[in-house]
Amino acid sequence: MGNKPLLKGRKIMNQLTIRCFKEDIILELPKILITAILCIAAFFTFTLSGSEADAADKENCLMCHKYKQIGRIDEQGRKRSYYVNENIYGNTTHRNVPCRDCHSYIDKLPHDEVTEEVNCANECHVKPPFAKENFSHKNIIKVYNESVHGVHKDDSEELKQAKPYCKYCHLNPIYTRVDEKRIAFEQTLSRCLNCHERKGVTQAYKHITHRLRNKTSRSPQEVVQLCSKNCHANMPLMESLKVSPESLESVETYNESIHGKAVALGSQKAADCISCHASSSIHDVYKKDHKLSTVNDANRINTCNQCHENVNERFVQIDVHSGLGREEKPLLYFVNLGLQVVFYASVLGLVGLMLLETKGRKKDGILWQIKKGTSWRGRSKRK
Amino acid sequence: MAGEPKRLEHPKSVYVIGFIFKIITLTVLIGVVYQVTLSPHGPAVLVPIQKKMEESQRSAILDEVRRQEEYEKHRHFHNVVEYPELPENLRPVCYICHSDYPHSKSKKVRAMLNMHTQFFVCETCHIEEKKDATVAYKWYNPYDGNPEGPFFGTSYDPDTGNLVEVEDLFSKIAPYFEFADGKSETALKISDAPLAQDYMKVRDKLTPEQRDNVKKKFHVNIKPKGHECDKCHSKKGILDFKKLAFSPNRAIDLEQLNIKGMVTKYEKFYIPNLFSD
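Each protein sequence line maps, in turn, to chains A and B. Position one of the first sequence corresponds to residue 1 (my numbering), numbered consecutively onward. Position one of the second sequence corresponds to residue 1001 (my numbering), numbered consecutively onward.
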């Protein structure tokens, strides 16, 4: 029912624009007349659009970009896809942002080859609730710029190139339902529906609850993977950027730590990189001697306190990224080695015994063995 | 001794219990061996050897391709969707050299032309007509002799106005030659055609000149410049959209396509800014 105006609106828009091209006489009209007709067409689209992706696609960019094979192999031989899946896009955080709010350099159709990058600090024409200004990411970008990942004046050219920019870490986030144990989705949403329309409020509700799981909406495994792969675990890159020896082996020491092992084994509660190295602002990662760093000596109690109870001065002295180098920490190295020998000797010894036992039992059978005693050594005792 | 059970005449339950114990022992043993050799949580004694082997088999080209794919996902940003792909031997022969993105020359339309490879095979646009036959167009699916759809892009979802999502991702419109005597033959060459297979086998042994010579054979009945937009996107186009299972409103949209006008009639088409704020 509610979509009939939409379809009618689309049809009218299509017919209007079609006429622009179809009738030759229109070609002779001044550009202003064509623009006026398109404005009317656009008006119908704006006012009558109903699809989720349509909300952002007031200028009908999806007319071309909704096809999965739209793209090319560029001059460097790289595959460039220009496809935007309208059903998926309508379920992402950017679903209401008009395309040209980010791609502001596009001013004509067919548009030229895009060489400009999107600026995430652009103000978009979306007004958040409780605010009169247009929405923008500039606050979080300010935090990021001041962080260790932001580009600073005294950075070398190589370092500037290697620093992660917004899209390096972020993909257009798709809403996913938060774990029912944390938030009873339907039950809570049903309260909103008393006053609000289902379609709009469901998306808004997903938007709000999206982050109500951990500090980030990503799992600890995803966070560790993101920070490690291509960056902190890329040894040649890290060495070329002349990072400190501690930073150089940070991924390895994290993976060896209790946090790293728990995350590798699937824990959703154990600390990942962001848990310790950033506050709730997420982008405020600093070197540990920076006073704002969450792992600075002065701030560590608060940081550990996020998960641990009764955190005191002694607790925060525990080396979280503890390497086990023979030269640096010989005592720790040999204790660890000794414990490993004991552990493997016990397990392998037990398995060995089990194998011998199995071999022995094969001789007379388990029931006989239970009744008459062991038969694993020597000749069969069956008489 | 007479009457005494022989050693192997145990009750069946003994074998069952023995088997269970063996499985448990084997599992523990495999676990321990993995823990000692390859697991990141153990001493990983075999990891250096494994890394050395990987290093020797490593391809710089493959690494670069993977890195670019990863980069492209983030550059693209709008959630790249992975779709299943046809195996090499079922793809049209053109794919061997031209890939799924064959057009690159005309800056204005190359991406739009490549978009069409989702809907039809190369021959649909580039086929040279025969004097003694007419060309008919049908949906072609390498997995299904008679595909019935629904096909992608043939109808709109009445609820959202978006194109309907379909299960059939491989069907494409393909040309068939129809002769006066009623016989019909496909104009499509797929990669397991004898000539293509033979070429794949020996292409590394051929000189560039010889390779060019063979390639010419693939281009029999193929014209380098495809059809103009109007050839399909008009009321009397060569593709009968309704016959090809397009819904009536989708067929009208395709016959009277907006993009066609933009591409063919205007150098620049300025987007009005009146409603931007």
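C-beta: ideal position from N, C-alpha, C; glycine also.
Is residue i helix, strand or coil when you go by DSSP?
i: residue 324 (chain A); result: coil
i: residue 1254 (chain B); result: helix
i: residue 245 (chain A); result: helix
i: residue 1189 (chain B); result: coil
i: residue 198 (chain A); result: helix
i: residue 1063 (chain B); result: helix
i: residue 1158 (chain B); result: coil
i: residue 84 (chain A); result: coil
i: residue 255 (chain A); result: helix
i: residue 1163 (chain B); result: strand
i: residue 1205 (chain B); result: helix
i: residue 1135 (chain B); result: strand
i: residue 1240 (chain B); result: coil
i: residue 334 (chain A); result: helix
i: residue 343 (chain A); result: helix
i: residue 22 (chain A); result: The pLDDT assigned to residue 22 (chain A) is 39, lower than 50, so where the model puts this residue is not dependable; a value taken from the coordinates is nonetheless given after this. Of the three classes helix, strand and coil, the one that applies to residue 22 (chain A) here is helix, per DSSP.
i: residue 1144 (chain B); result: strand
i: residue 115 (chain A); result: coil
i: residue 301 (chain A); result: helix
With a Cβ-Cβ cutoff of 8 Å, do residue i and residue j count as a contact?
i: residue 1174 (chain B); j: residue 1121 (chain B); result: yes
i: residue 1038 (chain B); j: residue 1047 (chain B); result: yes
i: residue 1042 (chain B); j: residue 1050 (chain B); result: no
i: residue 83 (chain A); j: residue 68 (chain A); result: yes
i: residue 1257 (chain B); j: residue 1233 (chain B); result: yes
i: residue 1209 (chain B); j: residue 1237 (chain B); result: no
i: residue 301 (chain A); j: residue 316 (chain A); result: yes
i: residue 458 (chain A); j: residue 126 (chain A); result: Nothing can be reported for residue 458 (chain A): it is not among the residues displayed for chain A, which extend from 1 to 383.
i: residue 1087 (chain B); j: residue 1189 (chain B); result: no
i: residue 1025 (chain B); j: residue 355 (chain A); result: yes
i: residue 435 (chain A); j: residue 251 (chain A); result: In the structure as shown, chain A begins at 1 and stops at 383. Residue 435 (chain A) is therefore absent and cannot be evaluated.
i: residue 1106 (chain B); j: residue 72 (chain A); result: no
i: residue 351 (chain A); j: residue 1029 (chain B); result: yes
i: residue 294 (chain A); j: residue 283 (chain A); result: no
i: residue 1139 (chain B); j: residue 1184 (chain B); result: no
i: residue 1179 (chain B); j: residue 1240 (chain B); result: no
i: residue 99 (chain A); j: residue 154 (chain A); result: no
i: residue 240 (chain A); j: residue 157 (chain A); result: no
i: residue 87 (chain A); j: residue 1165 (chain B); result: yes
i: residue 167 (chain A); j: residue 1177 (chain B); result: no
i: residue 175 (chain A); j: residue 91 (chain A); result: yes
i: residue 1096 (chain B); j: residue 1193 (chain B); result: no
Ends of the beta strand (DSSP E) at residue i?
i: residue 1184 (chain B); result: 1184-1186
i: residue 426 (chain A); result: Nothing in the structure corresponds to residue 426 (chain A), since chain A is present only between 1 and 383.
i: residue 1208 (chain B); result: Per DSSP, residue 1208 (chain B) belongs to no beta strand (DSSP E); it is in the alpha helix (DSSP H), 1208-1218.
i: residue 1202 (chain B); result: No beta strand (DSSP E) holds residue 1202 (chain B); the alpha helix (DSSP H) holding it covers 1194-1202.
i: residue 1178 (chain B); result: 1172-1179
i: residue 1222 (chain B); result: Premise fails: residue 1222 (chain B) is in no beta strand (DSSP E) and is neither H nor E.
i: residue 1052 (chain B); result: Premise fails: residue 1052 (chain B) lies in the alpha helix (DSSP H), 1047-1057, not in any beta strand (DSSP E).
i: residue 73 (chain A); result: 71-73
How close, in whole Å, do the beta carbons of residue i and residue j come, if the pair is a contact with beta carbons under 8 Å?
i: residue 1163 (chain B); j: residue 1149 (chain B); result: At roughly 13 Å, the Cβ-Cβ gap does not stay under 8 Å, so residue 1163 (chain B) and residue 1149 (chain B) are not in contact.
i: residue 1123 (chain B); j: residue 1187 (chain B); result: 5 Å
i: residue 1090 (chain B); j: residue 1142 (chain B); result: 4 Å
i: residue 1079 (chain B); j: residue 230 (chain A); result: About 20 Å separates the two Cβ atoms, so there is no contact after all.
i: residue 79 (chain A); j: residue 1072 (chain B); result: 7 Å
i: residue 1216 (chain B); j: residue 1128 (chain B); result: So it is not a contact: roughly 14 Å between Cβ atoms.
i: residue 1156 (chain B); j: residue 1075 (chain B); result: Actually they do not touch by this definition, with Cβ atoms about 30 Å apart.
i: residue 1108 (chain B); j: residue 110 (chain A); result: 6 Å
i: residue 264 (chain A); j: residue 1040 (chain B); result: 7 Å
i: residue 61 (chain A); j: residue 70 (chain A); result: In fact, because the Cβ distance is near 11 Å, the residues do not count as touching under 8 Å.
What span of residues does the alpha helix (DSSP H) with residue i cover, start to end?
i: residue 1018 (chain B); result: 1012-1037
i: residue 143 (chain A); result: 138-146
i: residue 1096 (chain B); result: 1095-1098
i: residue 274 (chain A); result: 273-277
i: residue 190 (chain A); result: 185-192
i: residue 101 (chain A); result: 99-102
i: residue 1091 (chain B); result: Unbroken run through residue 1091 (chain B): none, as it is neither H nor E.
i: residue 226 (chain A); result: 220-227
i: residue 212 (chain A); result: Where residue 212 (chain A) is concerned, there is no enclosing alpha helix (DSSP H), given that its DSSP letter is neither H nor E.
i: residue 1124 (chain B); result: 1122-1126
For residue i, verify whether its CB is less than 7 Å away from any heavy atom of the ligand SAH.
i: residue 319 (chain A); result: This structure lacks the ligand SAH, and indeed carries no ligand of any kind.
Would you mind telling me which residues of chain E sit closer than 7 Å to residue i, beta carbon to beta carbon, in chain order?
i: residue 354 (chain A); result: Note that chain E does not occur in the displayed structure, where the protein chains are A and B.
Inter-stretch contact at 8 Å, needing at least 3 Cβ pairs: the region 108-122 of chain A / the region 91-98 of chain A: no
Stretch pair the region 270-283 of chain A + the region 218-229 of chain A: three plus CB contacts closer than 8 Å: yes
Three or more C-beta pairs below 8 Å linking the region 319-326 of chain A and the region 253-261 of chain A: yes
Meets three-Cβ-pair contact criterion under 8 Å: the region 1055-1075 of chain B and the region 1123-1133 of chain B: no
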